[in-house]
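*Asks:* Chains as they are written, first to last, in our numbering: chain D, -10 to 478; chain E, 18 to 260. Cβ atoms here follow ideal geometry from the backbone N, Cα and C, with glycine treated the same way. Here you go, one structure.
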Amino acid sequence: METKKPANRRETEDRRPEGLTSPVEGFNDRARRAVRDEELHDSVELFTNKSVAGRNAVLNALPEAPELRERAYRIKQETMANLDRHLGQMADAVEGRGGNVFFAETGEDVVRYIGDLARRRGAKVITKSKSMATEEIELNRRLEEDYADLDLEIVETDLGEWIAQLAGDTPSHIVGPILHMNRRRITEVLSETAGERLPPDVEALGSFARRRLREKFLAADIGITGANFGVAQTGTIATVTNEGNGRLVTSVPPVHVVVMGIEKLVPRFEDLSVFVRLLARSGTGQKLTVYTNFVTGPRAPGELDGAEEFHLILMDNGRSELLGTPFEEALYCIRCGACLNVCPVYRQTGGHAYGSTYSGPIGAVITPLLKGGKEAKDLPHASSLCGACWEACPVGIPLHDLLLKLRNKQVQEGITGRAQGLAFKGFENTMKNPALYRISGKAGRLAQRPLAKAGAPKTLPGPLGAWTNSRDLPKLAPKPFSQLWKEGI
Amino acid sequence: MRVALFVPCYVDLVNPEVGVSVVRVLRKLGVEVVYPQGQTCCGQPAFNSGFFDEARSVGRHFMDVFEGEEWDHVVCPSGSCATMVSHYYPFIYENLPDERDRAEELAPRVREFSDFLVNVLGVTDFGAKLEGRAVFHTGCHQRRELGVLEEPQELLKNVENLELLDWRNEELCCGFGGTFSVKMPDVSVAMADEKIKALVESGADTLISCDSSCLMHLKGRLARKGRDTRVLHLAQVLDGNGG
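Here you go:
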């Protein structure tokens, strides 16, 4: 569909009409639309196939990969067991270097801190890079709304994120934010921004983006980044990037703010050697990304670059509630996106169907945990439990087991609904009682007689309708195995 | 060698011929087969839907039926149901020491059919014959939790006149996933279509698996698309019950 509406508004071609603030319920409806969207399907397939192939190749060439995975899991386990201490150590190290540290319990706290900072600094332009955490709390929109009088211009500088921002869209993949867009759509978005028709080739589009973003880098008053890792021992923030924009965001503006989820900590600098090797390989199939940056505090006397002011915001936003629970392992995630690429559900639906910043298997796990189970009640069911995600996870998070535990949590909390509760009570009673099980089989065979006469049933009521709409439902055999056995095999 | 046969509920009710083939194959190999009459289901549908209490209750019944010294192993023609018992029973009884001990004792004795043939009996060439060009679909639980990946392929490679083909993205789930196929029908069907596309590209005329549940789902979709691909459980192939 061609659209001439101005960019920066959600009514442009947005594959997620509900927007960010609506409940994340409704996966099924969004998924239904997504599986019929051939353009989306082609784009997702292209990206995920390439990523999976790259990942397999580089991991197969790394003989110690299984051992690294084990170590990564242990390090995260150890980090979470002593998170308070490590956070304290991190804060001390950053402050010792002249940086500021702020513990933000909620997203609102982050917005307020940055808004007040922008006011104090008289900021006009904020550049951003590498931050899922600020997507999670919708920092851009909230700063624009809550601090409207400052008239801030907030610019995403990762190319994909920027294009998403221009299109009024949201990222649909942890590593490839706009993998749902094809070249035609990207050309359209950038042409709209340029105010002229740009040719649809990488060179021309890249050169336009570079020109436009350079103006922003130079004008920026504050640079905001996320953190791939925070090293508690030294107070170092590590970011792994491919575009170079991250360095322009951390070192050109006079103020650098890091918004980091508290789970991103690793205790020691040497732990990075485990995670950095796994992250790029798992995410993009690279041995290392193009840039691996370490920032430790503001510019020190005698140093040539770095920000005058350095702020580390350690964001909780629901994370600490998972510590010590059966869901703690969800905090081990390093946001590489490998589970999305291998997930057969994600591969069919793309990321927007999940209705939250984090999509795919990890999104189906952490969204209900961070947002509340009721609001995201569809997501734990958006999986066939095939386990491909767990197999691909470089930290060994048993994602499909966590999905099962989330389903169980819904049952315990009564979110599941009465009908299912009754159905499975009936299932239990039948399966505990062999006589009842045999009678049920017999009843089923009798009931299907009139239905089966016309061949495979095409429409059936209730849950069976989901089968018969698109698949032939199998018939019960005239005699069950138990009877054949009695009659003699 | 004496084994107890565990015929999962949908095999019992929908595909009893698979159970019959299992019995024939095992007997040909000199195994004595017993069929404990009280058996019903492993409880997986309730477990996968989050109804752990109900699954535990069905699991207790399962253990009552299949524990015992009268047989050396419990053999099951389904990677998924074998996984439920051998992998997920210890998981659901984690905090119940009595049941957990029972589950852990039973777990290693429960063997998926091809795993039993290759790893317990040491059979890789059963001497079966079947004309056709086939692709093999490994059920996800069999692949990942049980790690029984090579065994069925080894058995199939030795089937005379059967050409076993490679196919694209063979490790992808077929989209069945138990109640997933009912709760998320559109995604489930899209996943099945992805497998079917790869199957058609491979040029196969036969689809084989160790899980009748995956086969039921794919067969239903193949039929709806008007395809006459032959769909067989491994036991049927070995038994020569290949239609």
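Do the segment 320 to 333 of chain D and the segment 342 to 352 of chain D make contact, defined as three or more Cβ pairs closer than 8 Å?
*Replies:* They touch, by the three-pair rule.
*Asks:* Less than 8 Å between the beta carbons of Arg117 of chain E and Val91 of chain E, yes or no?
*Replies:* Indexing the second sequence from 1 puts residue 117 of chain E at position 100. Indexing the second sequence from 1 puts residue 91 of chain E at position 74. Cβ atoms of Arg117 of chain E and Val91 of chain E: not closer than 8 Å.
*Asks:* Roughly how many angstroms lie between the CA atoms of Asp210 of chain E and Asp245 of chain E, to the nearest whole one?
*Replies:* Within the second sequence, residue 210 of chain E is the residue found at index 193, counting from 1. Within the second sequence, residue 245 of chain E is the residue found at index 228, counting from 1. About 15 Å.
*Asks:* Tell whether a beta-carbon distance below 8 Å holds between Thr141 of chain E and Leu163 of chain E.
*Replies:* Counting from 1 along the second sequence, the entry for residue 141 of chain E is found at position 124. Counting from 1 along the second sequence, the entry for residue 163 of chain E is found at position 146. Their beta carbons are not under 8 Å apart, which means Thr141 of chain E does not touch Leu163 of chain E by this criterion.
*Asks:* Helix, strand or coil: which one does DSSP assign to Asn89 of chain D?
*Replies:* Residue mapping note: residue 89 of chain D aligns to position 100 of the first sequence, counting from 1. Asn89 of chain D falls in the strand class under three-state DSSP.
*Asks:* Around the Cβ of Ala93 of chain D, are there at least 16 other Cβ atoms within 10 angstroms (buried) or fewer (exposed)?
*Replies:* Numbered from its first residue, the first sequence carries residue 93 of chain D at position 104. Ala93 of chain D is buried by the Cβ-count criterion.
*Asks:* Do you know how far the Cα of Thr273 of chain D is from the Cα of Asn65 of chain E?
*Replies:* Against the second sequence, residue 65 of chain E aligns to sequence position 48. Against the first sequence, residue 273 of chain D aligns to sequence position 284. Roughly 32 Å between the two C-alpha positions.
*Asks:* Grab me the residues of Ser471 of chain D's own chain with a C-beta within less than 6 Å of its C-beta, minus the 5 sequence neighbours each way, in chain order.
*Replies:* By 1-based counting over the first sequence, the position of residue 471 of chain D is 482. None.
*Asks:* Please list the residues of the segment 396 to 411 of chain D that have a C-beta atom closer than 9 Å to any C-beta atom in chain E, keeping them in chain order.
*Replies:* Answer in chain order: Arg396, Asn397, Lys398, Gln399, Val400, Gln401, Thr405, Gln409, Gly410.
*Asks:* Is it right to say Glu204 of chain D is buried, meaning 16 or more other beta carbons lie within 10 angstroms of its own, or is it exposed?
*Replies:* Residue mapping note: residue 204 of chain D aligns to position 215 of the first sequence, counting from 1. Exposed, by the Cβ-count rule.
*Asks:* How should Asn217 of chain D be labelled, buried or exposed, when 16 other C-beta atoms within 10 angstroms of its C-beta is the threshold for buried?
*Replies:* Taking the first sequence and counting its residues from 1, one reaches residue 217 of chain D at position 228. That one is buried.
*Asks:* Please report whether the beta-carbon of Lys11 of chain E lies at a distance below 8 Å from any beta-carbon of chain D.
*Replies:* With chain E covering only 18 through 260, there is no way to say anything about residue 11 of chain E.
*Asks:* Please compile the residues from chain D whose C-beta is within a distance smaller than 7 Å of the C-beta of Tyr52 of chain E.
*Replies:* What you label residue 52 of chain E is simply residue 35 of the second sequence in a count that begins at 1. Going along chain D in sequence order, the residues near Tyr52 of chain E (Cβ under 7 Å) are Trp474.
*Asks:* Determine whether the Cβ of His104 of chain E lies closer than 8 Å to any Cβ atom of chain D.
*Replies:* By 1-based counting over the second sequence, the position of residue 104 of chain E is 87. No - not a single Cβ of chain D is within 8 Å of the one on His104 of chain E.
*Asks:* Answer yes or no: do Asp210 of chain D and Val244 of chain D have a C-beta to C-beta separation smaller than 8 Å?
*Replies:* Reading the first sequence from its first residue, position 221 is the one you call residue 210 of chain D. Reading the first sequence from its first residue, position 255 is the one you call residue 244 of chain D. Yes, Cβ-Cβ distance for Asp210 of chain D and Val244 of chain D is below 8 Å.
*Asks:* May I ask you to report which of helix, strand or coil DSSP gives Met420 of chain D?
*Replies:* Translated into the one-based positions of the first sequence, residue 420 of chain D becomes position 431. Met420 of chain D falls in the helix class under three-state DSSP.
*Asks:* How far does the beta strand (DSSP E) with Val31 of chain E in it extend, from its first residue to its last?
*Replies:* Taking the second sequence and counting its residues from 1, the one referred to as residue 31 of chain E is at position 14. Unbroken run through Val31 of chain E: none, as it is neither H nor E.
*Asks:* Roughly how many angstroms separate the alpha carbons of Thr223 of chain E and Cys375 of chain D, rounded to a whole number?
*Replies:* The residue labelled residue 223 of chain E in the question sits at position 206 within the second sequence. The residue labelled residue 375 of chain D in the question sits at position 386 within the first sequence. C-alpha separation (whole angstroms): 23 Å.
*Asks:* When you compare the CB positions of Val24 of chain D and Asp203 of chain E, do they come within less than 8 Å of one another, or not?
*Replies:* Translated into the one-based positions of the first sequence, residue 24 of chain D becomes position 35. Translated into the one-based positions of the second sequence, residue 203 of chain E becomes position 186. It is a contact, given that the beta carbons lie within the stated cut-off.
*Asks:* I want to know whether the segment 374 to 394 of chain D touches the segment 315 to 324 of chain D - three or more CB-CB distances under 8 Å.
*Replies:* Touching, yes.
*Asks:* What is the rounded straight-line gap between the Cα of Asn129 of chain D and the Cα of Gly291 of chain D?
*Replies:* Translated into positions along the first sequence, residue 129 of chain D becomes position 140. Translated into positions along the first sequence, residue 291 of chain D becomes position 302. Computed Cα separation, rounded: 34 Å.
*Asks:* Identify each residue in the segment 239 to 260 of chain E for which the Cβ-Cβ distance to at least one residue of chain D is less than 8 Å, and report them in chain order.
*Replies:* Correct list: Ala240, Arg241.
*Asks:* Quick check on Pro469 of chain D: buried or exposed, where buried means 16 or more other Cβ atoms within 10 Å of its Cβ?
*Replies:* Start at 1 with the first residue of the first sequence, and residue 469 of chain D comes out as number 480. Buried, because 16 or more other Cβ atoms sit within 10 Å of the Cβ of Pro469 of chain D.
*Asks:* Am I right that Ala82 of chain D and Thr223 of chain D are in contact with their C-beta atoms under 8 Å? What's the rounded C-beta distance?
*Replies:* Counting from 1 along the first sequence, the entry for residue 82 of chain D is found at position 93. Counting from 1 along the first sequence, the entry for residue 223 of chain D is found at position 234. With 8 Å as the limit, Ala82 of chain D and Thr223 of chain D qualify as a contact, their Cβ atoms being about 6 Å apart.
*Asks:* Return the residues of the segment 54 to 68 of chain E that lie within a Cβ-Cβ distance of less than 8 Å from chain D, sorted by chain order.
*Replies:* Result list: Gln54, Gly55, Gln56, Thr57, Cys58, Gly60, Pro62, Ala63, Phe64, Asn65, Ser66, Gly67, Phe68.
*Asks:* Tell me, to the nearest whole angstrom, how far the beta carbon of Leu492 of chain D is from that of Val255 of chain D; I am working on the premise that it is less than 8 Å.
*Replies:* The structure shown does not extend to residue 492 of chain D, since chain D is modelled only from -10 to 478, so the question has no answer here.
*Asks:* Taking 8 Å as the threshold (beta carbon to beta carbon), is Cys157 of chain E in contact with chain D?
*Replies:* Counting from one through the second sequence, the residue named residue 157 of chain E turns up at place 140. Closer than 8 Å to some Cβ of chain D, the Cβ of Cys157 of chain E qualifies, so yes.
*Asks:* In terms of residues, what are the limits of the alpha helix (DSSP H) holding Met101 of chain E?
*Replies:* Taking the second sequence and counting its residues from 1, the one referred to as residue 101 of chain E is at position 84. Careful: Met101 of chain E lies outside any alpha helix (DSSP H) and carries neither H nor E.
*Asks:* So that I know if they touch, is there some Cβ in chain D lying closer than 8 Å to that of Gly194 of chain E?
*Replies:* As a first step, residue 194 of chain E must be located in the second sequence, where it is residue number 177. Answer yes: the Cβ-Cβ gap between Gly194 of chain E and chain D drops below 8 Å somewhere.
*Asks:* Taking the alpha-carbon of Gly250 of chain D as reference, which of D:Leu473, D:Ser309, D:Ala137 has the nearest alpha-carbon?
*Replies:* Taking the first sequence and counting its residues from 1, the one referred to as residue 250 of chain D is at position 261. It is D:Ser309 whose Cα lies nearest to the Cα of Gly250 of chain D.
*Asks:* Taking DSSP's pairing of strands, which residues face Leu249 of chain E in a bridge?
*Replies:* Numbered from 1 along the second sequence, position 232 holds the residue referred to as residue 249 of chain E. Paired residue(s): E:Ile225.
*Asks:* Measure the C-alpha to C-alpha separation of Thr356 of chain D and Lys366 of chain D and round it to an integer number of angstroms.
*Replies:* Translated into the one-based positions of the first sequence, residue 356 of chain D becomes position 367. Translated into the one-based positions of the first sequence, residue 366 of chain D becomes position 377. If you take the alpha carbons of Thr356 of chain D and Lys366 of chain D, they lie about 10 Å apart.
*Asks:* Under the three-state reduction of DSSP, which class applies to His245 of chain D: helix, strand or coil?
*Replies:* Taking the first sequence and counting its residues from 1, one reaches residue 245 of chain D at position 256. Strand.
*Asks:* Name the two residues that bound the continuous alpha helix (DSSP H) containing Leu264 of chain D.
*Replies:* In the first sequence, residue 264 of chain D corresponds to position 275, counting from 1. The sequence given here places Phe at residue 264 of chain D; Leu does not occur at that position. Where Phe264 of chain D is concerned, the enclosing alpha helix (DSSP H) stretches over 261 to 272.
*Asks:* With DSSP as the reference, please indicate the residues paired to Tyr280 of chain D in a beta bridge.
*Replies:* Indexing the first sequence from 1 puts residue 280 of chain D at position 291. Paired residue(s): D:Thr230.
*Asks:* For a cutoff of 8 Å on Cβ pairs, would you count Asp203 of chain E as touching chain D?
*Replies:* Position 186 of the second sequence, counted from the first residue, corresponds to residue 203 of chain E. So yes, Asp203 of chain E belongs to the interface.
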